[in-house]
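Peer 1: Residue numbers (full-length UniProt numbering): 1 to 196.
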């Protein structure tokens, strides 16, 4: 009688690695049909918007992406020396913190290949199992990076950002800051380079 093999499959978990294409960055146009506005990216340092990749549920391009319904907005997005069909240059990033709160961010790339590469790479990063199950040290580093990427005009971290990031219980966070002998008032700011 042959011995039975257990039904366990080995899954090799690889830490997420950001490709050189994503590190170099690309220019996208962000559009919003509800507000009927178009934004050029990258934004200035003071207007940084952050999106946690663990909230990204899908990244779409081509027929699966969202295209503007309004003809005027489609015309605005399809100007200049952009290469390829409009729908193939569209990138839709679907985010959700739960099953009810689903959002879509819509971008347009200058070339079809650029949209395809970004979709594949961002989806690969967002679906990495290790990034969804970080250890304590990586979670704290992730929080630190989030805080340092959103400084105020003087380049300092507002305490209100720390409160918003770590807890809805403001008093608890302020007590923790006070116990660490850090400033803890709501309008106080911290110099981020000093504490790293």
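We treat Cβ as the ideally placed atom computed from N, Cα and C, and that holds for glycine. Remember, it's a predicted structure, so these values are computed and weren't measured experimentally.
Assuming residue 59 and residue 123 form a contact by the criterion Cβ under 8 Å, report the distance between their Cβ atoms to the nearest whole angstrom.
Peer 2: Confirmed, about 4 Å.
Peer 1: From residue 129 to residue 150, what distance separates their C-alpha atoms?
Peer 2: Going by the C-alpha atoms only, they are around 26 Å apart.
Peer 1: How big is the Cα-Cα spacing for residue 117 and residue 177?
Peer 2: In a straight line, the C-alpha of residue 117 is about 42 Å away from that of residue 177.
Peer 1: Can you check DSSP and say which residues form a bridge with residue 60?
Peer 2: According to DSSP, which records beta bridges pairwise, residue 60 is partnered with 92.
Peer 1: Quick check: residue 134 and residue 146, are their CB atoms within less than 8 Å of each other?
Peer 2: No, the Cβ-Cβ distance between residue 134 and residue 146 is not below 8 Å.
Peer 1: Among residues of its own chain, excluding the 5 on either side of residue 96, which ones have a beta-carbon nearer than 6 Å to its beta-carbon?
Peer 2: Closer than 6 Å at Cβ, skipping near neighbours: 57, 102.
Peer 1: Check each candidate in 113, 183, 175 and name the one with the smallest Cα separation from residue 21.
Peer 2: That would be 113, whose Cα lies nearest to the Cα of residue 21.
Peer 1: Using only alpha-carbon positions, find the residue among 85, 109, 78 that is nearest to residue 93.
Peer 2: It is 109 whose Cα lies nearest to the Cα of residue 93.
Peer 1: Quick check: the Cα distance between residue 148 and residue 75, rounded to an integer number of angstroms?
Peer 2: Approximately 38 Å between the Cα atoms of the pair.
Peer 1: Determine the burial state of residue 115: buried for a count of at least 16 other Cβ atoms within 10 Å of its Cβ, exposed for fewer.
Peer 2: The residue is buried, with at least 16 neighbouring Cβ atoms inside 10 Å.
Peer 1: Near residue 64, what residues of its chain come up, given a Cβ to Cβ distance below 8 Å and the 5 sequence neighbours on each side ignored?
Peer 2: If we look at residue 64 and ignore the five residues flanking it on each side, its Cβ neighbours are 92.
Peer 1: What first and last residue would you give for the alpha helix (DSSP H) that runs through residue 66?
Peer 2: Here residue 66 belongs to no alpha helix (DSSP H), and DSSP marks it neither H nor E.
Peer 1: On the three-state DSSP scale, how would you describe residue 42?
Peer 2: Note that residue 42 scores a pLDDT of 49, beneath 50, so its modelled location is shaky and nothing firm can be said.
Peer 1: Since residue 107 sits in a beta bridge, which residues does DSSP pair it with?
Peer 2: The partner list for residue 107 (beta bridge, DSSP) reads 30, 91.
Peer 1: Measuring only the C-alpha atoms, how far is residue 13 from residue 126?
Peer 2: Their backbone Cα atoms lie some 14 Å apart in a straight line.
Peer 1: Going by CA-CA distance only, name the one from 171, 173, 165, 182 that's closest to residue 50.
Peer 2: Selected option, being the one with the closest Cα: 165.
Peer 1: CB residue 33 to CB residue 87, shorter than 8 Å?
Peer 2: In this structure, residue 87 does not lie closer than 8 Å to residue 33 by Cβ.
Peer 1: Could you have a look at residue 100 and say whether DSSP puts it in helix, strand or coil?
Peer 2: Reduced to three states, the DSSP call for residue 100 is coil.
Peer 1: Under 8 Å between the Cβ atoms of residue 31 and residue 77?
Peer 2: Yes; because the gap between Cβ atoms is below 8 Å, this pair is in contact.
Peer 1: Got a sec? Which residues, its chain only, sit under 6 Å from residue 106 by beta carbon, not counting five neighbours each side?
Peer 2: Correct list, in chain order: 31, 66, 92.
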